[in-house]
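Quick note: the sequence shown uses our numbering, first residue 1003, plus one each step. Ideal placement from N, C-alpha and C gives every residue a C-beta, glycine not left out. Since the structure comes first, as structure tokens, the remarks are kept for the end.
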Amino acid sequence: VTIQAGGTITPGTDTSAGVFTTGNLTLQASAAYNWEPEDLLTVNGALDLTSAWTLNITNDGHGLANNPTGFITLFTYSSETGAAVTPTINWSGFTPGAVTFFDTGHSIILEGVGVIPEPSTLLLFAAGGLFIWKARRRQ
């Protein structure tokens, strides 16, 4: 399968995760991979990510919040045609921490992906902790 320039591959749907399995996969320059939590592209042949491609990551509200490892597997593959080019990454639905794109030899992984709470959420947690602390001191 070759995803042409300007084309997109999306393993799942807007409402559910998906796994797309193919023999060979090439993402040409300007091709995009739309990833949501628990999506996966399984390549049982050669994976070609040697052109400049785009990774669009969307937090659908449940998957990344429950990601304690901070790792997401984007691809698994049998072989590569060359060194994978780090994609342009677009984030939707959350703000990530510092992430690292790396190749394990049979998987392409992003490390450091997790949801960073917004300042108002942190403030709410701090206020709740203060309330509990004061309630315990009164007892």
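How long is the line joining the alpha carbons of residue i and residue j, rounded to whole angstroms?
i            : j            : result
residue 1043 : residue 1131 : 42 Å
residue 1031 : residue 1049 : 14 Å
residue 1074 : residue 1033 : 20 Å
residue 1037 : residue 1137 : 44 Å
residue 1146 : residue 1072 : Because the chain here runs from 1003 to 1141, residue 1146 falls outside it and cannot be looked at.
residue 1094 : residue 1140 : 44 Å
residue 1039 : residue 1134 : 34 Å
Take residue i and list the residues in its own chain whose beta-carbon comes closer than 7 Å to its own, dropping the five residues that flank it on each side.
i            : result
residue 1013 : 1020, 1021, 1022, 1041, 1042 and 1043
residue 1109 : 1075, 1077 and 1078
Can we count residue i as close to the ligand NAD, meaning its CB is less than 8 Å from some heavy atom?
i            : result
residue 1009 : Looking at this structure, you won't find the ligand NAD or any other ligand, since it has none at all.
If I follow the unbroken beta strand (DSSP E) through residue i, where does it start and stop?
i            : result
residue 1051 : Looking at the DSSP string, residue 1051 is not in any beta strand (DSSP E), and its letter there is neither H nor E.
residue 1060 : 1056–1060
residue 1041 : Taken as a continuous stretch (DSSP letters only), residue 1041 belongs to no beta strand (DSSP E), as it is neither H nor E.
residue 1021 : 1021–1024
residue 1018 : Careful: residue 1018 lies outside any beta strand (DSSP E) and carries neither H nor E.
Decide if residue i is buried, meaning its Cβ has at least 16 other Cβ atoms within 10 Å, or exposed.
i            : result
residue 1092 : exposed
residue 1059 : buried
residue 1045 : buried
residue 1007 : exposed
residue 1086 : buried
Within its chain, find whatever has a CB closer than 6 Å to the CB of residue i; leave out the 5 residues flanking it on each side and keep chain order.
i            : result
residue 1009 : 1033
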